[in-house]
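Worksheet: one structure, shown below.
There are 2 protein chains.
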Amino acid sequence: MGAPSFHAPNADACRARGILDRIGDKWSLFVIAQLGDGTKRFTELKRDIDGISQRMLTVTLRGLERDGIVTRTMYPVMPPRVDYALTDMGRTLLDTVGTLVWWAEAHLAEIDAARASYDARAAQTDAVG
Amino acid sequence: MGAPSFHAPNADACRARGILDRIGDKWSLFVIAQLGDGTKRFTELKRDIDGISQRMLTVTLRGLERDGIVTRTMYPVMPPRVDYALTDMGRTLLDTVGTLVWWAEAHLAEIDAARASYDARAAQTDAVG
DNA sequence: CTGAATCCTCTGAGATACTG
DNA sequence: CAGTATCTCAGAGGATTCAG
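These protein sequence lines map, in sequence, to chains A and B.
When we follow our numbering, the leftmost residue of the first sequence carries the number 3, and every step to the right adds one.
When we follow our numbering, the leftmost residue of the second sequence carries the number 3, and every step to the right adds one.
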């Protein structure tokens, strides 16, 4: 439990938002996860991340590169070749996100149950009311 | 740092997405952070979370309630009164998110530097190219 | 006080076609 | 192969208004 008590005023939530804006979008997490396996090329990423479009892969990679989370290496060869990899900071983020994944796994069933319960209550209220 | 090594294939990223869909939206994190201080009423939350609209506060609270992260307690009095609080699961999430905030604080400067550097390079490329 | 309903705008993101 | 450019659409979210 390295987590500080986090009696967060808005300020703390604000800092976290910056991070969530980065990894909370639709694709960043998948890209980071994929690069956790090691250096990959554009087409490899596109193939391995199911459903991502060229455009979104490009946009996502640009964002991550800008924030110093991935590196982009171009080889001036024909046909072109570009390698992507996590930076050191990117790897620490991978670790941090790991705790979130852990939490998700630990509470998936509980969340599903809560949703089912809530939906059932809502449906009943609808029918009765 | 209990974080497992997280050599995540897509499956792991997928599970985390569910969580990020919940806390990664524009307001959930602020609400959770505020409720970390203890039970609050609708109007208190609206006042304390700068810039949130009634609508988004309602929508956000409903989502969090549905997922079993906050509880909603109505008092049938006049004028109406509704209290919101974190559930036990909500408190564990607060803890988990704490590690993310910690990461954010630890790397804010590095990220800012990376952005500045990237933007500078981009501007230069633009000018020269 | 708490919230539902309506309207409106702006951005995220997919599909497609083109370039070095 | 690795992008960029353009079009388009759906959904998020704000402002405002109405109701219990």
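C-beta atoms are modelled at their ideal positions from N, C-alpha and C, and glycine is treated no differently.
- Around the beta-carbon of B/Thr60, fewer than 16 other beta-carbon atoms lie within 10 Å, marking it exposed.
- Between the C-alpha atoms of B/Asp121 and A/Arg68 there is a straight-line separation of about 8 Å.
- Taking CB atoms only, A/Ile51 has a neighbour in chain B less than 8 Å away.
- The alpha-carbon of A/Val79 is positioned some 20 Å away from that of A/Lys48.
- Relative to B/Leu88, the option among B/Asp27, B/Gly38 and B/Asp14 whose CA is nearest is B/Gly38.
- Closest in C-alpha terms to A/Val84, from the list A/Ala118, A/Trp105 and A/Met76, comes A/Met76.
- Between B/Trp29 and A/Pro81, the alpha-carbon positions lie close to 45 Å from each other.
- In the three-state reduction of the DSSP assignment, B/Asp39 falls in the coil class, being assigned neither a helical nor a strand state.
- A Cβ of chain A is located within less than 8 Å of the beta carbon of B/Arg19.
- Interface flag for B/Thr101 against chain A is set, since a Cβ pair is found closer than 8 Å.
- Straight through space, the alpha carbons of A/Ala124 and A/Met58 are spaced by roughly 37 Å.
- Taking a 10 Å sphere around the C-beta of B/Gly40, we find fewer than 16 other C-beta atoms and assign the residue as exposed.
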